[in-house]
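Colleague: Sharing a structure, written as structure tokens. Questions coming.
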Amino acid sequence: MSGITPANGATDSMAVVAPNLESTPSIIAAHAPQVKDDDESMSEDDKPLMKKQQRQQNNKRVGGGTSSSEDEKPLNKRPRASNGAANKKRRVVDSDSDESDAGPSVKKEAEPTPKTNGTSKPRSSTTRKPVIPSSDSELSEDEKPLAKRATANGNGTAKAKPKPNTKAAKKAPSSDEDESPSEDSESSEDEKPLAKKKAPAKPRQSTSSAKATPKSKVKAEPESEDDDDVPLAKGKAKGQAKPAAKDKKPVIKKEKKVKEEEDEEDKYKWWEQEALGDGEVKWTTFEHNAVLFPPPYVPLPKNVKMKYDGVALTLPPESEEVAGFFGAMIETDHAQDAKFRENFFKDFKAMLEQYPPKENVKVKSLDKCDFKPMFEHFEREKEKKKAMTKEEKKAIKEAKDKMEAPYLFCVVDGRKEKVGNFRAEPPGLFRGRGEHPKKGTLKHRLCPEDIIINIGKDAPVPVPNIPGKWKGIQHDNTVTWLAHWKENVNGNAKYVFLSAGSSWKGQSDRAKFEKARELIKHVDKIRKDYTEDLKSKVMADRQRATALYFIDRLALRAGNEKGEDEADTVGCCSLRYEHVTLSPPNTVVFDFLGKDSMRFFQEVQVDAQVFKNIKLFKAEPKKKGDDLFDRLTTTLLNKHLNSMMPGLTAKVFRTYNASWTFQKQLKHTPKNGTVAEKIAAYNTANRDVAILCNHQKSVSKTWDVSKTKHEDKIRALKYQRMKLRLQLFSLDPKIKKKRPDLAEDESDMDEEFCERHEKELLEKALDTAQKKFDKDNVKLEEEGEKKKDKKDLEERLKEIKEEFKELKKERKSRKVEPRRAATEEKLLEQIQKMDERIATAKVQLEDRDKLKDVALGTSKINYIDPRITVAWAKKYDVPLEKLFSKTLREKFPWAEAEADKGWIF
DNA sequence: AATGTAACTTAGGATTCTTGTT
DNA sequence: AACAAGAATCCTAAGTTACATT
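Using the numbering used here, read the first sequence as starting at 1004 and increasing by one per residue.
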């Protein structure tokens, strides 16, 4: 698919299999909670239990499961259109003040409660149902499948291409009418949606340079007493130079000999110490080599030139490099993208202005640019590289490793630590995701003058590997970065940090999970409180409670405001009117682009009060483009959370719910299964979490093809099975009676397939014979013997063809002569084996299908407490390396050290 | 309160490496 | 031995959060 994206996120990946049309929102399977329609009933709700109860129900419903109660049945989906209508009539009323609590709604239009289920509609097969996080208490219950909200992810996955939604409206709201919300009477005036929270959109221009200098700490390069500019060679010894004066953490004995020191270092168990927080001193001595700049641009060979309107252009290296950036991408989707092209061309033209082609041609249109020659040159280079001998490759690799060696590690308080992204980002074209307004923009080449380094006062100042002086050198020991610069495209800061396996990262990572575990202790109360607040008279509180409900139940991100020059994506607090649609009685349809422009599309059954609230938040003067939660910001939300539990913020819920869900789902692990079965259960739990967090991956372009291949493989197995069966029947016609199950034909075995399959088999057989013949001859020749005659080969081929004619006959007659030595027992046994193989292959295919658009890695790396995995591995006796790759194990040494099989999150 | 800055975590896609097949 | 599929790693974009400044 070319870069063209369907206008409406909806259809997107057509190439891909996903059959279901999104237009038909799949049904939610939800169960129907008993909706309470009026607030009165709500009061009930206040009781703690209630909420749980509901949740349980949700969980239960696992997919369409068998459970009997009617509410287990999927409730039909209501097309938006229709519900619109439905709504219409009731709408206004809703906002009514209701008695006791501000709760809106008048009971009048009582929603039809659950009964609706009756009409069940089949759920689309691809529907995914996220597992919904629940509180402990319900554990037992949740052993049951949880279904809960079924998402209609239609093909879900899709990365929907965003529909540009003008955000113009958003901020620019009709501020004035702020007041008007009319009588929605909800209550105090603050109930009225406030029109816009922000008025004038202020373009924030990133003026780079200028006041750039960050904290005063930065010293200008010159004055830094970098007397000894020597890069630190090999870290070691030197750190000690200045004994950490008052080191907070005991620096390990520095006197050791190098070798021992290394060991020591390996053994440093940072997790046995206190984690340090924000703003605290993180180090006493700090040595490193900052960043490694990429090699300078090497001009292309003289004969490689782009063309403009047919004429080859001789470009100076500066502009040639930029042309090359695009040239390398002409076959990618980016090169077809209008915005990308526009931005690229603007920068390219500017570059040409300064570094024009020798030919004195004015480049005016990107369409007339032909980068093919460059592209082909790059392809050739790639080929060349691939074709190099092992030795050549090795030599290159060695040279590269040598160059990088000094940057791989740094020394913190005398300990060697691995550096993460030490390579300065090379120049190129900005690949923003989704509808990023800046995509295609030229990202400049960095030089030392762009980079500020942070390093120990007494550490030698590293010498850049290209000419130039650092922009600044600072010695801030309350931060953990080695280098930092501002990128020109968006004006964003970039940092060089230590690797994921370093103690700094490990400490904060562990602290993150500990914080999430702490939430376990508070979550019941928090849930109870926000459930209560759903009915608050204070609009801001009600919005906050509703948002929190989403964050907790749907694992939404906080959702900060974004700027005009960024992709239009949202999170919870920044949801807008058009992102949620109501479908009575209690379904909310979410459809928006989240982080990385990944589409979040789910139909969710919510508490009646939540449903009412959304209706209220979308009430009258509000329209498309307005914030759903106009009284809420992430700051407000986090402030509130912080008051409920120190350090609590919105993101903690994602971590908590992810880990909690994972642990819960792992309970489905078969105790006596094989290792493979256990791992499958592990992966299933992992998948549940990924779905909860909406972690998607794009479906590979060749997925379709590979799927067909797998299907054909299964059909081939079925074909074999059919042959076995037919033999069996020839042997003993009565078997059909005895084993009616065997009398049944394999599915998918139509004539057309058989013919095609047999043809393929024939070709393969011929090919094999040919190869064998060639090989034999080579061998014979080597041994000095006479080669076989070509006639032999031809004869053999003819034989094969004859054999296959047999197959054709069999196909027509549907009779197969038993092969020699075939007996009834043997055949039955073979059929049984075949059945197993078919079953296995089918399961595999299904698994592949389920994972085709779900990314498991992100949750494993960032959300699931690694100790859960370690404990599980120990408990079920599965080798950890089957669950964690090498880098993950390096990232989580602390988990292996502290979790035994009884550990729980 | 709105903006802006700083520092750090989280994220999917591209690239490279490994492994299983033919 | 060649290749292709999948897993792992690399890369850097895109979030969150706290705090400073206007």
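Cβ atoms here follow ideal geometry from the backbone N, Cα and C, with glycine treated the same way.
If we require 4 or more residues per run, which alpha helix (DSSP H) segments fall completely within the stretch 1693-1746?
Modeller: Complete alpha helix (DSSP H) runs here, min 4: 1706-1734, 1738-1741, 1743-1746.
Colleague: Relative to the alpha-carbon of residue 1373, which residue among 1331, 1406, 1896, 1660 has its alpha-carbon at the smallest distance?
Modeller: Comparing Cα positions, the closest option is 1331.
Colleague: Would you say the stretch 1436-1447 touches the stretch 1486-1503, given that touching needs at least three Cβ pairs under 8 Å?
Modeller: Enough Cβ pairs lie closer than 8 Å, so yes.
Colleague: Take every Cβ of the stretch 1509-1523, pair it with every Cβ of the stretch 1448-1467, and state whether three or more of those distances are shorter than 8 Å.
Modeller: With a cut-off of 8 Å, the stretch 1448-1467 and the stretch 1509-1523 do not count as touching, because too few Cβ pairs lie within range.
Colleague: Roughly how many whole angstroms lie between the Cα atoms of residue 1670 and residue 1692?
Modeller: Each residue's Cα considered, the two are about 14 Å apart.
Colleague: Which residue or residues does DSSP assign as beta-bridge partners of residue 1833?
Modeller: Per DSSP, none; premise fails for residue 1833.
Colleague: To which residues does DSSP link residue 1594 through a beta bridge?
Modeller: For residue 1594, which the question treats as bridged, DSSP gives the partners 1604.
Colleague: Compute the distance between the beta-carbons of residue 1897 and residue 1874, then report whether it is under 8 Å.
Modeller: In this structure, residue 1874 does not lie closer than 8 Å to residue 1897 by Cβ.
Colleague: Using a Cβ-Cβ cutoff of less than 8 Å, which residues in the same chain neighbour residue 1713 once the five nearest sequence positions on both sides are dropped?
Modeller: Result list for residue 1713: 1844, 1847, 1848, 1851, in chain order.
Colleague: Mind checking whether residue 1604 and residue 1578 have CB atoms under 8 Å apart?
Modeller: Going by C-beta atoms, residue 1604 is not nearer than 8 Å to residue 1578.
Colleague: Take the Cβ of residue 1777 as the centre, count every other Cβ of all protein chains shown within 10 Å, and call the residue buried at 16 or more, exposed below.
Modeller: Per the 10 Å Cβ criterion, exposed.
Colleague: Quick one: grab the DSSP three-state call for residue 1413.
Modeller: Looking at residue 1413 - three-state DSSP - the assignment turns out to be strand.
Colleague: At 3 residues or longer, and completely inside the stretch 1795-1845: list those beta strand (DSSP E) runs for me, N to C.
Modeller: Taking only runs of at least 3 residues, no beta strand (DSSP E) segment lies wholly in the stretch 1795-1845.
Colleague: Put residue 1759 into one of helix, strand or coil per three-state DSSP.
Modeller: Three-state result, residue 1759: helix.
Colleague: Figure out for me which residue from 1609, 1676, 1525, 1798 has the closest Cα to the Cα of residue 1769.
Modeller: Nearest of 1609, 1676, 1525, 1798 to residue 1769, Cα basis: 1798.
Colleague: Quick check: the stretch 1332-1344 against the stretch 1393-1404, are there 3 or more CB pairs under 8 Å?
Modeller: Verdict: no, contact absent.
Colleague: Cα-Cα, which of 1635, 1371, 1602, 1894 is closest to residue 1563?
Modeller: Comparing Cα-Cα distances from residue 1563 to each of 1635, 1371, 1602, 1894, the minimum goes to 1635.
Colleague: Relative to the ligand COA, is the shortest distance from any of its heavy atoms to the C-beta of residue 1323 smaller than 7 Å?
Modeller: Annotation note on the ligand COA: not contained in the displayed structure, which lists no ligands.
Colleague: Can you tell me where the beta strand (DSSP E) holding residue 1419 begins and where it ends?
Modeller: Run containing residue 1419: 1418-1421, per the beta strand (DSSP E) assignment.
Colleague: With a Cβ-Cβ cutoff of 8 Å, do residue 1289 and residue 1458 count as a contact?
Modeller: Closer than 8 Å, so yes.
Colleague: Which stretch, first to last residue, makes up the beta strand (DSSP E) that contains residue 1585?
Modeller: Looking at the DSSP string, the run of the beta strand (DSSP E) that includes residue 1585 is 1583-1586.
Colleague: Kindly identify the DSSP beta-bridge partner or partners of residue 1676.
Modeller: Per DSSP, none; premise fails for residue 1676.
Colleague: Nearest-angstrom Cα distance between residue 1878 and residue 1662?
Modeller: For residue 1878 and residue 1662, the distance between alpha carbons rounds to 17 Å.
Colleague: Any idea if residue 1751 is buried or exposed, counting beta-carbon neighbours within 10 angstroms, 16 or more meaning buried?
Modeller: When all chains shown are included, residue 1751 counts as exposed.
Colleague: Between the C-alpha atoms of residue 1348 and residue 1781, what's the straight-line distance to the nearest angstrom?
Modeller: Straight-line Cα distance between these residues: approximately 58 Å.
Colleague: Name the residue from 1473, 1739, 1588, 1632 whose alpha carbon lies nearest to the alpha carbon of residue 1547.
Modeller: Of the candidates 1473, 1739, 1588, 1632, the one whose C-alpha sits nearest the C-alpha of residue 1547 is 1632.
Colleague: Just grab the DSSP bridge partners of residue 1457 for me.
Modeller: Partner(s): 1477.
Colleague: In whole angstroms, give me the CA-to-CA distance for residue 999 and residue 1765.
Modeller: For the chain, the structure presents residues 1004 to 1908; residue 999 sits outside this window and is missing.
Colleague: How would you label residue 1481, buried or exposed, when you count the other beta carbons within 10 angstroms and need 16 or more for buried?
Modeller: By the neighbour-count rule (16 or more Cβ atoms within 10 Å), residue 1481 is not buried but exposed.
Colleague: Cα separation between residue 1892 and residue 1382?
Modeller: The alpha-carbon atoms of residue 1892 and residue 1382 are separated by roughly 37 Å.
Colleague: Report yes if the CB atom of residue 1419 is closer than 8 Å to the CB atom of residue 1412, and no otherwise.
Modeller: Yes. Within cutoff.
Colleague: Are at least three pairs of beta-carbons, each pair with one atom in the stretch 1712-1732 and one in the stretch 1809-1820, less than 8 Å apart?
Modeller: Contact holds: three or more Cβ-Cβ distances are below 8 Å.
Colleague: In the DSSP assignment, what are the bridge partners of residue 1290?
Modeller: Paired residues: 1414.
Colleague: Using the Cα positions of residue 1500 and residue 1625, report the straight-line distance between them to the nearest angstrom.
Modeller: Computed Cα separation, rounded: 44 Å.
Colleague: The beta strand (DSSP E) spanning residue 1337 covers which residue range?
Modeller: Unbroken run through residue 1337: none, as it is neither H nor E.
Colleague: Ordered along the chain, which non-local residues of its own chain (more than five positions away) have a Cβ less than 7 Å from that of residue 1639?
Modeller: The answer, listed in chain order, is 1547.
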